[in-house]
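Novice: One point on numbering: in my numbering, the residue at position 39 of the sequence shown is 41, and numbering is uninterrupted.
Each residue gets a CB set at the ideal place from its N, CA and C atoms; glycine is no exception.
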Amino acid sequence: MKASNSSRGLDLDSPGLFCESYVTKSELARILNVARSTLVSWDGIALYRIDGYRQAYPVKADGSTDRSCPLSPYQSWVLSRIGRVMANLRSVERVKNYIKKYPQEFSQAKFQAQFAQVIQRGTAA
Numbered sequence: 003m004k005a006s007n008s009s010r011g012l013d014l015d016s017p018g019l020f021c022e023s024y025v026t027k028s029e030l031a032r033i034l035n036v037a038r039s040t041l042v043s044w045d046g047i048a049l050y051r052i053d054g055y056r057q058a059y060p061v062k063a064d065g066s067t068d069r070s071c072p073l074s075p076y077q078s079w080v081l082s083r084i085g086r087v088m089a090n091l092r093s094v095e096r097v098k099n100y101i102k103k104y105p106q107e108f109s110q111a112k113f114q115a116q117f118a119q120v121i122q123r124g125t126a127a
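(1) Go ahead and label R96 buried or exposed: buried means 16 or more other beta carbons lie within 10 angstroms of its beta carbon, across all protein chains shown.
(2) Since F108 and R86 should fall inside the 8 Å C-beta cutoff, what is the C-beta to C-beta distance between them, to a whole number of angstroms?
(3) I need the DSSP call for T26, collapsed to helix, strand or coil.
(4) Got a sec, what are the start and stop residues for the alpha helix (DSSP H) E95 sits in?
(5) Assign D64 to one of two classes, buried (16 or more other C-beta atoms within 10 Å of its C-beta) or exposed (fewer than that).
(6) Using 10 angstroms around the beta-carbon of Y100, count the other beta-carbons present and answer buried if the total reaches 16, otherwise exposed.
(7) Apply the 10 Å Cβ neighbour rule to Q106 and answer buried if 16 or more other Cβ atoms are within range, or exposed otherwise.
(8) Mind reading off the beta-carbon distance from D68 to V61? Whole number of angstroms is fine, and I expect it under 8 Å.
(9) Under three-state DSSP, which class holds V42?
(10) List the residues that DSSP assigns as beta-bridge partners of L73.
(11) Is the distance from the Cβ of L81 to the Cβ of A48 below 8 Å?
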């Protein structure tokens, strides 16, 4: 796992957190050094505003989303980005508006591009 922090404020071009495997919300909360309840709150923001995030959850037989399963690497990355935006904007409403205005910043394509950059840097070192 790799994490990046920025003391300069909102820096969404930094790669963020990349988990190589599925992690539980409790594990991710420990990694990000936040309360599990905070992470669950971020999960709710992502679930209702980011289609790719919601679609990454498995669907139960009754058609509902299985939110009790571990998070995919993409979902972990999204939550780390939401955490970074939250730290800078300091308001749930502002974060929701940011996601609405810049949905591409939370897309699977952005995740894959940044993950490829991290891998490429790792092999060049």
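Specialist: In short:
(1) Counting other Cβ atoms within 10 Å of its Cβ, R96 stays below 16 and is therefore classed as exposed.
(2) Contact between F108 and R86 is absent: CB atoms are separated by about 11 Å, not below the 8 Å threshold.
(3) In the structure shown, T26 sits in coil (DSSP, three-state: anything other than H, G, I, E or B).
(4) Run containing E95: V94 to K103, per the alpha helix (DSSP H) assignment.
(5) Looking at its Cβ environment, which holds fewer than 16 other Cβ atoms inside 10 Å, D64 is exposed.
(6) Under the 10 Å beta carbon count, Y100 is surrounded by 16 or more other beta carbons and is classified as buried.
(7) Of the other Cβ atoms in all chains shown, fewer than 16 fall within 10 Å of the Cβ of Q106; this residue is therefore exposed.
(8) Yes, D68 and V61 are in contact; Cβ-Cβ is about 7 Å, under 8 Å.
(9) Three-state result, V42: helix.
(10) Under DSSP, L73 takes part in a beta bridge, and its partners are V25.
(11) Yes, Cβ-Cβ distance for L81 and A48 is below 8 Å.
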